[in-house]
Amino acid sequence: MFNSIVLPLTICYTTMILAYQDISRYLPVEVQGTVLDAQSRKPVEGLHVFTAKGEEEGFTDAKGQFHFTSWQQLPLQVTVQQPDGKTKQVKVAATPIRLTILFP
Numbered sequence: 007m008f009n010s011i012v013l014p015l016t017i018c019y020t021t022m023i024l025a026y027q028d029i030s031r032y033l034p035v036e037v038q039g040t041v042l043d044a045q046s047r048k049p050v051e052g053l054h055v056f057t058a059k060g061e062e063e064g065f066t067d068a069k070g071q072f073h074f075t076s077w078q079q080l081p082l083q084v085t086v087q088q089p090d091g092k093t094k095q096v097k098v099a100a101t102p103i104r105l106t107i108l109f110p
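Numbering follows the working numbering, in which position 89 of the sequence shown is assigned residue number 95; successive positions increment by one, without gaps.
Okay, structure coming up:
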């Protein structure tokens, strides 16, 4: 009786664990951070920060902070762009994603 319950439960739990590991690769990732001027170390407002332009993006606020959700798999390529088009890219390979980016 005991074996007839334990074996199916073991198989069920093993399947759930393996399925979760596969699914967790496709969960959204919260990307957040602060952009500071490289020389003055002061926050930079109004910069476009994104992984997929037009889809996964945010803008820095008065404190230089940004936040958005990405559905991209790690590693991510986070791009910071000034209104004049000048960019800086940062590669992110692990979570949690809390960046401090010195720009330019």
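Note that CB positions come from ideal geometry on N, CA and C, so glycine has one too.
Could you tell me if residue i is buried or exposed, where buried requires 16 or more neighbouring beta carbons within 10 angstroms of its beta carbon?
{"i": "I17", "result": "exposed"}
{"i": "I107", "result": "buried"}
{"i": "G60", "result": "exposed"}
Do you know how far the Cα of residue j is from the Cα of residue i?
{"i": "T101", "j": "Q78", "result": "12 Å"}
{"i": "I11", "j": "L33", "result": "32 Å"}
{"i": "T85", "j": "F56", "result": "5 Å"}
{"i": "L53", "j": "R104", "result": "17 Å"}
{"i": "E51", "j": "K94", "result": "15 Å"}
Where DSSP assigns a beta bridge to residue i, which residues make up the other side?
{"i": "S76", "result": "V35"}
{"i": "V86", "result": "V55 and K94"}
Does DSSP put residue i in a helix, in a strand, or in coil?
{"i": "T66", "result": "coil"}
Go to residue i, then tell me how far its beta strand (DSSP E) extends in each direction, as first and last residue.
{"i": "L53", "result": "Unbroken run through L53: none, as it is neither H nor E."}
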